[in-house]
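What follows is one structure encoded as structure tokens, with my remarks underneath.
Number of protein chains: 2
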Amino acid sequence: MRTKIVQGLLGCAMMMAIPAGAQIPAGMAPGSLGRNDPMPIRPDYMRTRAVISPVIHPDRRVTFRLNAPEATDVRLTGHVIGAKMHWLSPERTLPMTKGADGVWSITLGPLEPEIYPYSYMVNGAGVSDPGNRINLVEVPGDKPAYYDPQDVPHGDVRMVVYHSKATNSVRYLRVYTPPGYDESKQRYPVLYLQHGGNCCEYSWMEQARANTILDNLIAEKKARPMIVVMALGARSGPSEGLGPVPSQREGFKPPPGRQSNYDPGNLFEVDLLTGIIPFIDRKFRTLANADNRALSGLSQGGIQTVTIGLRHTDVFHWLVPMSAGAENQGDDQFMKISEDIFANPEPLKKNLKLLHFLVGREDVLYEPDKRLAEKLQSLGVKLTFQALPGMHEYKVWRRGLYETAPLLFR
Amino acid sequence: MRTKIVQGLLGCAMMMAIPAGAQIPAGMAPGSLGRNDPMPIRPDYMRTRAVISPVIHPDRRVTFRLNAPEATDVRLTGHVIGAKMHWLSPERTLPMTKGADGVWSITLGPLEPEIYPYSYMVNGAGVSDPGNRINLVEVPGDKPAYYDPQDVPHGDVRMVVYHSKATNSVRYLRVYTPPGYDESKQRYPVLYLQHGGNCCEYSWMEQARANTILDNLIAEKKARPMIVVMALGARSGPSEGLGPVPSQREGFKPPPGRQSNYDPGNLFEVDLLTGIIPFIDRKFRTLANADNRALSGLSQGGIQTVTIGLRHTDVFHWLVPMSAGAENQGDDQFMKISEDIFANPEPLKKNLKLLHFLVGREDVLYEPDKRLAEKLQSLGVKLTFQALPGMHEYKVWRRGLYETAPLLFR
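Those protein sequences? They're chains A and B, same order as listed. For the first sequence, position 111 matches number 111 in this note's numbering, and the numbering has no gaps at all. For the second sequence, position 313 matches number 313 in this note's numbering, and the numbering has no gaps at all.
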């Protein structure tokens, strides 16, 4: 009886472990709960049982492991593999080696201290690490990094339920309130900070630790205390599971001229200007004017920064597009918006307090970003341009926030 | 040039899509950005490109789809498949069918309106849906469900950075503050609500919509406005990516007598009683006494509720263990703790205002839960016991919160 219940318990853990993952320590039989009994668990529970992965070695090598005895081809992918992950490289995976126990593994490094995304390809399909659902590994250095949570006052990040008329959906906004917000009567400037095309309003926390970066900058008085608003950028996909997803209803048609999942600015532009900003200014103690309002974002969020921001310099006086590449993308919507701006650059010259382009030096969007910046400069618009080491990846954007937040609201 | 940049852009989207996923509408060539050009994208980008999935039909059938042309065996798993997902059933997957386009699919239903978890098995490895990273599908009914966000005042859920001395880690607490919290000077009772063994402090929001359930109950005056604290229950795995994970450091050894990832109460007990509760009582406007403090949780969180809660009736006067099965688990720690309680049930009789067991009728833990409840009753402890339709699954716990939050602090 005892064995049966133990089996049941572990079964429970494993059932729910696909793919979120319950970690079973390496070498420990699932079903044993720390004991040395024979395993009562059925083989099919075993198939995706998690092993400890990744394992970080003291010399900053990292071993990635996946238990996949039935697979015939398992590979490591993600920016952790380095330059191969450049999208112009012919292969963006590294082969892993199968052990006698059915666990595939690969060891990389030593790696520079950094937070790296990774995942697996099992017979051609992308797979999360069952033991590490967010698929990030931080290789620590000798001391805490600028993005690590330090012993300083911390702001909170609020999940705020937001009924969006423009997109006809209910979503979360994530709102960082700086340390001391609750205790003060103070009003704060606001940075609207947008994620990329692949994910969600929580990406800046999950992938980039935007909140702890700001905590650290504010503690060092390098950045002004500010509110940061992170909204879901008009994607149709779910964020943290709030309500059904319109694009998944049979018969769903995206609005004319738009794809279901890619909106280069217009829907989100309406939502941001007529919905989100007024809502935030009601709900939080903001300094509700353009001098105290910034817009930034990465990749798709960078596109939103130049398309929305450059057209609304009465709303935002601070713009930091990251890896936008919004010019020369072969998308008529962007070009049309850009033409308006090129034809009448006066509001930009008059209103903007900061226009700062930031992009990875190895990003294929480096050149398009540079061309857009040069075009604007040729029209007399003042701007700055910063390239950081890296590709189209969070390493650049994480550092980018750290470098650019101190420039805002000065 | 234009084609090359388009290729680059999409490459970017797809690189980051593994496994988080960028949705490409079904039948649309990736690389075309809505145009009908030939696809410039390389075959390896194609391998895991997302299709729209799941597709919800008007008759409440649901079609699940995965693009995996190189796979030889693709299956659907998760509680969406119904009774087969019971952990005592011999097979907990349904085979999917491969189409000529390399997309595997299966259609289920009609399904009852509900939120269902699902995922795929590709050649034996657990795989997220690339188009739906959280792997939940809500089948909507004719009107909003009790867990859907309604047009009522909403509370916020804060991600609060917490430095845990007991576990030597930095973590997030999630704290639900009820509607009106910011505007009032009121103090509120607190429910500590724990996740299960497979995930994290955000599970109650992501999987169960704890916050919108409470919003709805509070708006209907069925539940008292309360603060809800959701902590990471002493797991060593990462939650939303805050800091390195000790168990992943080479040479990591769990504390004596404990596994690295499964702590039945002690570490978390110390953290909760000496760290988290005092921290919450400092940071939030709580009613900081046992009459206004409840403990609940599901599965592992249910175990924590009976092990910690029954031993600390000076701290919690309201206990709602869900699917705990903490008796007869074959784990000596639980039995030892239970022996203490059985030997001296007087504090339970004297202090507890509510002890309410809740479990799925088809849960294999139903019987153990019932035995524990009967044992306590035989010792003169007053309690209630509620069984809901379902297995060891969020369907039960989501409904469980809806049923039990109104019982608290009355």
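Backbone N, C-alpha and C fix where the C-beta goes; we use that ideal spot for every residue, glycine too.
Checklist entry - Taking only beta-carbon atoms, is ARG158/B less than 8 angstroms away from chain A? => result yes
Next on the checklist: Excluding the 5 residues flanking TYR402/A on each side, which residues of the same chain have their C-beta closer than 6 angstroms to its C-beta?
Outcome noted: When the five nearest sequence neighbours on each side are left out, the beta carbons in the same chain lying within less than 6 angstroms of the beta carbon of TYR402/A are those of TYR146 and ILE213, in order along the chain.
Item to check | Three-way DSSP call (helix, strand, coil) for ALA294/A in this model | outcome: strand
Item to check | Continuous beta strand (DSSP E) assignments of at least 3 residues falling wholly in the region 305-329 of chain B | outcome: 318-322
Item to check | With 16 other Cβ atoms within 10 Å as the buried cut-off, status of LYS395/B | outcome: buried
Next on the checklist: Between the alpha carbons of TRP104/A and ASN67/A, how many angstroms are there, rounded?
Outcome noted: Rounded to the nearest angstrom, the two C-alpha atoms are 6 angstroms apart.
Next on the checklist: Just to confirm the assignment: which complete beta strand (DSSP E) runs, minimum length 3, are found wholly within the region 67-136 of chain A?
Outcome noted: Listed in chain order, the complete beta strand (DSSP E) runs (minimum 3 residues) inside the region 67-136 of chain A are 74-77, 93-95, 103-108, 114-117, 119-122 and 125-127.
Checklist entry - Out of curiosity, what's the CA-to-CA distance linking PRO347/A and THR313/A? => result 7 angstroms
Item to check | Per-residue DSSP class, three states only, for PHE357/A | outcome: strand
Checklist entry - Quick one: is ALA68/A near chain B, going by C-beta distance under 8 angstroms? => result Taking CB atoms only, ALA68/A has a neighbour in chain B less than 8 angstroms away.
Next on the checklist: Quick check on this structure: which residue in ASP129/B, GLY400/B, ASP148/B and PRO225/B has the alpha carbon closest to the alpha carbon of ARG361/B?
Outcome noted: For ARG361/B, the nearest C-alpha among the options comes from GLY400/B.
Checklist entry - Measuring CA to CA, which of ALA231/B, ARG311/B, HIS163/B and PHE316/B is closest to ASN289/B? => result PHE316/B
Next on the checklist: Nearest by alpha-carbon distance to ASP412/B: which of LEU310/B, ASP369/B and LEU354/B is it?
Outcome noted: The requested residue 412/B is not part of the displayed model; chain B covers only 1 to 410.
Item to check | TYR146/B - partner residues in DSSP beta bridges | outcome: Answer is none; TYR146/B lacks a bridge partner.
Checklist entry - Taking the Cβ atom as the reference point for each residue, do PRO113/A and GLY141/A lie within a distance shorter than 8 angstroms? => result yes
Checklist entry - What is the DSSP secondary structure of ASP182/A, reduced to helix, strand or coil? => result coil
Item to check | Inter-stretch contact at 8 angstroms, needing at least 3 Cβ pairs: the region 84-96 of chain B / the region 131-141 of chain B | outcome: no
Checklist entry - To the nearest whole angstrom, what separates the beta carbons of GLU201/A and TYR181/A, a pair I think is in contact under 8 angstroms? => result No, GLU201/A and TYR181/A are not in contact; Cβ-Cβ is about 19 angstroms, not under 8 angstroms.
Checklist entry - Checking contacts by CB at 8 angstroms: is ALA195/B closer than that to chain A? => result Looking at the sequence provided, one finds His at residue 195/B rather than Ala. It does not: the Cβ of HIS195/B has no partner Cβ on chain A nearer than 8 angstroms.
Checklist entry - Counting Cβ pairs closer than 8 angstroms, one from the region 161-178 of chain A and one from the region 117-124 of chain A, do we hit at least three? => result no
Checklist entry - Of all Cβ atoms in chain B, is any one closer than 8 angstroms to the Cβ of GLY31/A? => result Residue placement at GLY31/A is flagged as unreliable, the pLDDT there being 28, under the threshold of 50; the coordinate-derived value follows with that caveat. Judged by the 8 angstroms Cβ criterion, GLY31/A is not in contact with chain B.
Checklist entry - Smallest Cα separation from MET391/B: which of LEU136/B, VAL80/B, ARG75/B and ASP101/B? => result VAL80/B
Checklist entry - Taking C-beta to C-beta, are VAL381/B and PRO149/A nearer than 8 angstroms? => result No, these two residues do not count as a Cβ contact at 8 angstroms.
Next on the checklist: For a cutoff of 8 angstroms on Cβ pairs, would you count ARG113/B as touching chain A?
Outcome noted: The displayed chain sequence assigns Pro, not Arg, to residue 113/B. It does not; no Cβ of chain A falls within 8 angstroms.
Item to check | Selected residue, minimal CA-CA separation from LEU287/B, among LYS185/B, GLU250/B and LYS375/B | outcome: Nearest to LEU287/B by C-alpha distance, out of LYS185/B, GLU250/B and LYS375/B, is LYS185/B.
Item to check | Closest by C-alpha distance to LEU232/B, when choosing among LEU193/B, ARG224/B, GLN207/B and LYS222/B | outcome: LEU193/B
Item to check | Proximity to ARG398/A [Cα-Cα], best of ASP291/A, GLU206/A and VAL306/A | outcome: GLU206/A
Next on the checklist: Between which residues of its own chain and LEU111/B is the CB-CB distance below 7 angstroms, once the five residues before and five after are set aside?
Outcome noted: So the qualifying residues of the chain are ARG60, VAL62 and VAL139.
Checklist entry - What do you get for THR72/A, buried or exposed, if any count of 16 or more other CB atoms within 10 angstroms of its CB means buried? => result exposed
Checklist entry - Between ARG65/A and chain B, is there a C-beta pair that is closer than 8 angstroms? => result no
Item to check | Three-way DSSP call (helix, strand, coil) for VAL175/A in this model | outcome: strand
Next on the checklist: Using CA atoms only, rank isn't needed, just tell me which of HIS195/A, PHE357/A, GLN300/A and HIS163/A is closest to TRP318/A.
Outcome noted: Taking each of HIS195/A, PHE357/A, GLN300/A and HIS163/A in turn and checking the Cα distance to TRP318/A, the smallest one comes out for PHE357/A.
Next on the checklist: Counting only Cβ pairs nearer than 8 angstroms, list the residues of chain B close to GLU374/A.
Outcome noted: Chain B residues near GLU374/A: none, gap ~16 angstroms exceeds 8 angstroms.
Next on the checklist: So ARG398/B contacts chain A; which residues on that side make the cut at Cβ distance below 9 angstroms?
Outcome noted: Those within 9 angstroms of ARG398/B in chain A number zero; the least Cβ separation is about 11 angstroms.
Item to check | Neighbour list for HIS57/B in chain A, Cβ cutoff strictly below 7 angstroms | outcome: GLU250
Item to check | Range covered by the beta strand (DSSP E) that runs through LEU193/A | outcome: 190-194
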